[in-house]
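Residue numbers (this note's numbering): 4 to 805.
All residues carry an ideal CB built from backbone N, CA and C; glycine is no exception.
Below is one structure; the comments refer to it alone.
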């Protein structure tokens, strides 16, 4: 045991130390609550609650997709930072999920187990619980990522079905499911798939009420090969690396002079969200504890008026938060009903190599497949199931002993090969069956649901609010299907052998020549150890029969969404990770779209006295003088971050102090960093500058009156028609810049001075930026406003501000 490290607020350090470690990873990824919230930056546009598999993924996607709008994202997680990647991408550390535990009241809570695991809810069924750390259970998951099949999706909204079908391939590529053969391959993998395919063809149905529909190679989220020359492989997927990369990208681009106010993406650990405050059908505040101390976020202090909230704390905790904050009950359902997981079985056998048609061992051999099918219930209804099959030439009783592992030592690899069994192949058949969901379930009922404990009972609350109560009760149909699933696995395993002596079954502590007499009793697994909880906040098109819409948004709360399997109307048999991630991609896009300014044919100001929506890139700055921006120093660009524009009309006034002043307005600018390096120069090559230079000075040739550098020129691209229109020092000029497609028109003081169509456009969309050119140059701007060019929409101008 080690001494407890006490918090000392009077002794500040950059990086904290423990007895053994220096907390570089935590410090380089996470922020304190005050660093994130009280740094002087704009209110947050998006808050994501839960940094697990789906929350971290959604937040990272919003960070990337929301760059053009400069969206600020706050990601809250109840745990502390633990690891940057899946634990199986690291050498053996013994970092495994714990066994299940039954917790019906606080005094039964085993507290933290295996470092980061805890059970925040109470239940009638033992559970493993949650991994309290950014990345969550994605740092520990098994990696199986099959699609939901058309039969699984039959009761889903058509819009969601179509989206999944169209987007599964991209997410499969992203998490490493494709190409399947880059992780599991070789003679054993080929043989197992061939034998199972033969069984599906020749022994179907495998039992009177159990069909074998599809046999496929194992869809496992591991990318073993490099995605490109010079790149490392992704290895086993978790949301951890994606989250870390996004945060460090934000820090590299935005964090200058230790200033967090410009940053867009913060992860704050050790935040437990108690409830969401709402008014008028919108989230208006968030109550939480940070390191055990009560804190709150509210509109407009910390949250923007349009702030969007994604609840991604896992199915059960997300449901608790929703019921605690804005419970909804209809005649057709209640929030927290429709709770489902998976019926699980585990059967291990070993089959002689000769029976599988395998020759002598020459290398480390492992293989896998997925077998899908359908079970007919006693009442005639159907449900889905599948068997995850993994095979290895492992001598022991665990076919996965040499899988899911990093081997950093060539001698260890040779030892693994030397210890392979030359005669037998060990195979595990892991069954997953669909559970019934009851959308009318609730307290007093006989089916599964999630509700709240008694908040007034100190043995049932968490000190701030009620806990979730999970009632997990399989139906008679569930039990019947569970039993058939167990029997089907035994039947399929026996079918791999050519004779009874070619197969042995693992039960009663050893290998047995006869199959288990009661497959269900021998192979059934606990309901609470699958991590596949789903369904309690299910989506649908009709608010009268569902909680959320196909984007994951609550029907009755206009700015709150759900990410994760809580959205599933039915659970099918597939592990929920692939589908949950694909839906999180949709939810992320919906959130970004909800915050995107709609193109408007009415002029709107880009600067109205505040630089909150502007970002400086390069050196120098802009001085704010009432409604005027004045360039100082340079070179650099002040760019408008909140929106990018494609077809538009930009109007502004400018004046200069002397004929040696120099500036310009850049259009269709890419996202820029905030460092004082040369990043701002990306705009020179990738966008267009409308030049302001009374001299038309060419510094390379040390000459004046260069047409390509004179006022009204599209810098170094197209000279102005006239160069005598601009007024002298301290006289306001008006620029009107029209950019439609590849054509750019520039009007100076009501005179057209440039009309250019670029045959090879640099960009057709981007930001607006003002240039500060050099020390001593003083150019002022005011009345900066823009409107979109919308086909068929009448111009709606505003009166010019005097």
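In the DSSP assignment, residue 651 falls within the beta strand (DSSP E) that extends over 651–659. Residue 713 and residue 694 do touch by the CB rule: their CB atoms are close to 7 Å apart, below 8 Å. Excluding residues up to 5 positions away in sequence, 52 and 53 lie with their Cβ nearer than 6 Å to the Cβ of residue 316 in the same chain. When DSSP states are grouped into helix, strand and coil, residue 765 belongs to the coil group.
A direct Cα-Cα distance of roughly 14 Å separates residue 568 from residue 340.
Taking the Cα positions, residue 334 is about 20 Å away from residue 323. Per DSSP, reduced to three states, the secondary structure at residue 308 is strand. In the three-state scheme derived from DSSP, where H, G and I count as helix and E and B as strand, residue 436 is classed as strand.
Residue 542 counts as buried, since at least 16 other C-beta atoms from the protein chains shown sit within 10 angstroms of its C-beta. Restricting attention to beta strand (DSSP E) runs no shorter than 3 residues, the region 163–241 encloses them at 213–220, ordered along the chain.
Runs of beta strand (DSSP E) with 3 or more residues, each lying fully within the region 563–622, are found at 563–565 and 617–621, listed in chain order. Contact check for residue 707 against residue 700 passes: the beta carbons are separated by less than 8 Å.
Inside the region 434–480, DSSP marks whole beta strand (DSSP E) runs of 3 or more residues at positions 452–455 and 471–474, from first to last along the chain.
Rounded to whole angstroms, residue 792 and residue 332 show a C-alpha spacing of 45 Å. For residue 67, the uninterrupted alpha helix (DSSP H) run begins and ends at 56–68, by DSSP. Excluding sequence positions up to five before and after residue 743, its CB lies within less than 6 Å of the CB of 650 and 792, all in the same chain and listed in chain order.
Remark: three or more beta-carbon pairs, one from each stretch, lie closer than 8 Å, so the region 639–659 and the region 766–773 are flagged as touching. When DSSP states are grouped into helix, strand and coil, residue 248 belongs to the helix group. For residue 689, no beta strand (DSSP E) run applies; the uninterrupted alpha helix (DSSP H) run containing it begins and ends at 685–689, by DSSP. In the three-state reduction of the DSSP assignment, residue 319 falls in the helix class, which pools H, G and I. Sorting 643, 662 and 720 by C-alpha distance to the C-alpha of residue 675 places 643 at the top. In terms of Cα proximity to residue 554, the closest of 32, 14, 163 and 285 is 163.
Using a 10 angstroms sphere on the CB of residue 18, the tally of other CB atoms stays under 16, which defines it as exposed.
The beta carbons of residue 529 and residue 244 sit no closer together than 8 Å. Per DSSP, residue 84 is not a residue of any alpha helix (DSSP H), being assigned neither H nor E. In this structure, DSSP gives residue 744 a state outside helix and strand, which the three-state scheme calls coil.
Taken atom to atom, the span from the alpha-carbon of residue 41 to that of residue 83 is near 20 Å.
Scanning its chain for C-beta atoms nearer than 7 Å, with the 5 sequence neighbours on each side dropped, one finds around residue 635 the residues 623, 624, 625, 626 and 775, in chain order. Listed in chain order, the non-local C-beta contacts of residue 562 below 7 Å within the same chain comprise 285, 286, 310, 311 and 312, local neighbours out to five positions each way being set aside. Its chain contains 319, 470, 471 and 473 as the residues whose beta carbon lies nearer than 6 Å to that of residue 124, once the 5 sequence neighbours on both sides are disregarded; these appear in chain order. Here DSSP, grouped into helix, strand and coil, assigns residue 32 to helix. Residue 767 is a Cβ neighbour of residue 671, given a cutoff of 8 Å. Apart from sequence neighbours up to five positions away, the residues of its chain that approach residue 439 with a beta-carbon distance below 7 Å are 478, 480 and 481, ordered along the chain.
Annotated three-state conformation of residue 17 is coil, per DSSP. Taking C-alpha positions only, residue 395 is separated from residue 372 by approximately 12 Å.
Each of 180, 265 and 194 was checked against the Cα of residue 617, and the nearest Cα belongs to 265.
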